[in-house]
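Numbering (the numbering used here), first residue to last: -3 to 199. All residues carry an ideal CB built from backbone N, CA and C; glycine is no exception. What follows is a set of notes on a single structure, which appears directly below.
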């Protein structure tokens, strides 16, 4: 059976919530969906199953990060803005990967962790669909992982950006809902089967 690492990307105070300086309104919409997913994964883990793991991706910039040449200052390491929102706070031994670029793979130990845990499938959630989520998914594929996008577990600044991101992600990932993902596991099916766009149909 497959082994999945669910990446929860940048569900942080500087992105999610009315006080967020770089607010991603769509991020607030997906919080209840991700809470449901967290509850399901944590129940599996509590039952001794480690074939699905939550991995929290945390943007944590240095003060003069090169990213700020093109974007507003945000998510400085060690600040409130870089911390996780209370509703989706990591628990127990859930792994945290800090990043300074859009992708959770660039200059981090994410690839090493996934391989150490024998996780063969990356499942992307979080914000923004068309930026950090897409960049992380693309790098997951480049590193030879199978990739799933949970369509109601990702979002962006607005619906148009979100949908554009999903269109791109459909080319090389399996795009399904959280309910469909959980249902596949409960049925003993591999949720990734049928992923990508082998027939070049995505428009």
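Return yes when the Cβ of residue 18 is within less than 8 Å of the Cβ of residue 70, no when it is not.
-> yes
Touching by the beta-carbon criterion (3+ pairs, under 8 Å), the stretch 152 to 159 and the stretch 29 to 45 | no
What is the DSSP secondary structure of residue 95, reduced to helix, strand or coil?
-> strand
3-residue-minimum beta strand (DSSP E) runs that sit fully inside the stretch 37 to 124, ordered along the chain | 48 to 55, 91 to 95 and 117 to 123
Beta carbon of residue 101 nearer than 8 Å to that of residue 135 = yes
Assuming residue 84 and residue 27 form a contact by the criterion Cβ under 8 Å, report the distance between their Cβ atoms to the nearest whole angstrom.
-> With a Cβ gap of about 7 Å, residue 84 and residue 27 count as contacting.
Same chain, Cβ closer than 7 Å to residue 171, five either side skipped, listed in chain order | Here the set comprises 145, 147, 162 and 165.
If you run the structure through DSSP and keep just helix, strand and coil, what is residue 193?
-> coil
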